[in-house]
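S.K.:
Number of protein chains: 2
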Amino acid sequence: MPATSPDFPARLRAAGLRPTRQRVALARLLFEGGPRHVTAEGLHVEVKASRMPVSLATVYNALNQFRDAGLLREVVVAPGRSYFDTNTGHHHHFFIEPDGELHDFPSDKVTIAGLPTPPKGTRVARVDVIVRVRR
Amino acid sequence: MPATSPDFPARLRAAGLRPTRQRVALARLLFEGGPRHVTAEGLHVEVKASRMPVSLATVYNALNQFRDAGLLREVVVAPGRSYFDTNTGHHHHFFIEPDGELHDFPSDKVTIAGLPTPPKGTRVARVDVIVRVRR
DNA sequence: GCAGTGTTTAGAATAGTTCTAAACTTCTTG
DNA sequence: CAAGAAGTTTAGAACTATTCTAAACACTGC
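Residue numbers (our numbering), protein chains in the order written: chain A, 1 to 135; chain B, 136 to 270.
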């Protein structure tokens, strides 16, 4: 039983987005089932194979809109490789360098102490921790 | 007085790179003076204006080689924006979101506790902390 | 159902980076 | 210090990831 309602049209509407068929199809792929990390290309391949194909431009648009609406979080791990993470809660990442795999880990056990105060006139938006590992 | 010798040909040779005029010119821009963060484009603009212009392809080649040789460290903060950092010691970054500015901060005061053990068969290569701040 | 506005689409455009192959340096050896 | 071998540079083409364009289409409110 998912923590959040599987009524995707309602969830999109709540986020201020019209529940078009394309967005609903993408939301289903993204949020049905466990948390995931996707790239635009990867999601496009998936949705192309589905009953409701969606153009690549729309996949990009939707991912950007979902991120802006707080439904997704963008994680940049390598140049020219942007992942979207359906887990928007506080957590950090393992990045497995050779294969480009990304794994979440919860941040509740992790404490970061001794961070300097941010530059004048700025406030902290987020702290990203990426643990890069190799085989 | 720089901590490391300003004899760039020697430093390049020590890193296993032929000290060509182009690489020496780039090394001078990068390592003479304080630590810096550059993008390929930015460094290309700089070196084009110098006495020893260098093509963009060579700037890319040199940055990649310098990074592979451990002379530079690559920092990925935003999709399609790769910075090279002349500071290769242990430290982390502030990223000022609106203007894309990057600032170092030393890691000696920072402690990260409670990191989970890495996935089986892997070892930690590096832990990156990026503190994203907004105005 | 019918506007009216927002969305989707294919394809072109753009940005950043890497590739190619010919010309040119640098290094080694005699 | 000349000659050859090997590594490097270059302009431009190619490539990858992403965004833009403008015409067709679909969701919403009346």
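Cβ coordinates follow ideal geometry from the N, Cα and C atoms, glycine included. Quick caveat: nothing in here was measured; it's all calculated off a predicted structure.
1. Taking 7 Å as the threshold (beta carbon to beta carbon), is A/A125 in contact with chain B?
2. Please report the distance separating the alpha-carbon of B/R153 from that of B/T193.
3. According to DSSP, is A/E32 part of a helix, a strand, or is it coil?
4. Counting pairs of Cβ atoms below 8 Å between the segment 224-235 of chain B and the segment 98-110 of chain A, do you hit three or more?
5. Just checking: is the beta-carbon of A/K109 within a distance shorter than 7 Å of some beta-carbon in chain B?
6. Taking C-alpha atoms, which residue in B/R270, B/N196 and B/A260 lies nearest to A/G121?
7. Looking at the unbroken alpha helix (DSSP H) that takes in B/A197, where does it start and where does it end?
8. Is it buried or exposed, B/S217, if we count other Cβ atoms within 10 angstroms and call 16 or more buried?
9. With a 10 Å radius around its C-beta and 16 neighbouring C-beta atoms as the bar for buried, classify A/H90 as buried or exposed.
10. Taking Cβ positions only, does A/R67 come closer than 7 Å to chain B?
11. With a threshold of 16 other CB atoms inside 10 Å of the CB of B/V275, please say whether the residue is buried or exposed.
12. If you compare alpha carbons, which of A/L102, A/G114, A/H44 and A/A15 is closest to A/E74?
13. Mind the definition here: the segment 61-70 of chain A touches the segment 21-30 of chain A only if three or more C-beta pairs lie below 8 Å; say whether that holds.
14. Kindly list, in the order they appear in chain B, the residues whose Cβ is closer than 7 Å to that of A/L72.
15. Using a Cβ-Cβ cut-off of less than 7 Å, give me the residues of the segment 231-257 of chain B that come near chain A, in sequence order.
16. Give the interface partners of A/S55 over in chain B, defined as CB-CB distance under 8 Å, in chain order.
17. Using only the alpha-carbon positions, how far apart do B/E181 and A/V129 sit?
18. Rounding to the nearest angstrom, what Cα-Cα distance links A/P2 and A/L71 in this structure?
19. Mind checking if A/P2 is an interface residue toward chain B, Cβ cutoff 7 Å exclusive?
M.R.: By the coordinates alone:
1. Here residue 125 of chain A corresponds to residue number 125 of the first sequence, with the count starting at 1. So yes, A/A125 belongs to the interface.
2. Reading the second sequence from its first residue, position 18 is the one you call residue 153 of chain B. Reading the second sequence from its first residue, position 58 is the one you call residue 193 of chain B. The straight-line gap from Cα to Cα measures roughly 13 Å.
3. What you label residue 32 of chain A is simply residue 32 of the first sequence in a count that begins at 1. Here A/E32 sits in coil by DSSP.
4. No, the segment 224-235 of chain B does not touch the segment 98-110 of chain A.
5. Position 109 of the first sequence, counted from the first residue, corresponds to residue 109 of chain A. Under the Cβ distance rule, A/K109 counts among the residues neighbouring chain B, one pair being separated by less than 7 Å.
6. Taking the first residue of the first sequence as position 1, residue 121 of chain A is located at position 121. Residue B/R270 is the option with its Cα nearest to A/G121.
7. The residue given as residue 197 of chain B occupies position 62 in the second sequence. The continuous alpha helix (DSSP H) containing B/A197 extends over residues L191 to D203.
8. Counted from its first residue, the second sequence places residue 217 of chain B at position 82. Classification for B/S217: buried.
9. Numbered from its first residue, the first sequence carries residue 90 of chain A at position 90. Around the beta carbon of A/H90, fewer than 16 other beta carbons lie within 10 angstroms, which makes this residue exposed.
10. Mapped onto the first sequence, residue 67 of chain A falls at position 67. With respect to chain B, the C-beta atom of A/R67 has no partner C-beta closer than 7 Å.
11. This structure gives no information on residue 275 of chain B, because the portion of chain B shown stretches from 136 to 270.
12. Within the first sequence, the letter at position 74 stands for residue 74 of chain A. If we check each option's Cα against that of A/E74, A/L102 comes out closest.
13. A contact is defined here as three or more CB-CB pairs under 8 Å, and the segment 61-70 of chain A meets this definition with respect to the segment 21-30 of chain A.
14. Reading the first sequence from its first residue, position 72 is the one you call residue 72 of chain A. In chain order: nothing, as chain B lies at least about 14 Å away.
15. Answer set for the segment 231-257 of chain B: I231, E232, H238, F240, K244, V245, T246, I247, A248, G249, L250, P251, P253, P254, G256 and T257.
16. By 1-based counting over the first sequence, the position of residue 55 of chain A is 55. Simply none; closest approach about 20 Å.
17. One-based indexing of the second sequence puts residue 181 of chain B at position 46. One-based indexing of the first sequence puts residue 129 of chain A at position 129. Those two C-alpha atoms are separated by around 32 Å.
18. Looking up residue 2 of chain A in the first sequence gives position 2. Looking up residue 71 of chain A in the first sequence gives position 71. Low confidence applies to A/P2: its pLDDT is 49, below 50, so where it sits in the model is not reliable, and the reading given next is rough at best. The alpha-carbon atoms of A/P2 and A/L71 are separated by roughly 15 Å.
19. Here residue 2 of chain A refers to the residue found at position 2 when the first sequence is read from its first residue. Caution applies to A/P2, whose pLDDT of 49 falls short of 50 and renders its modelled position unreliable; the model cannot decide the point.
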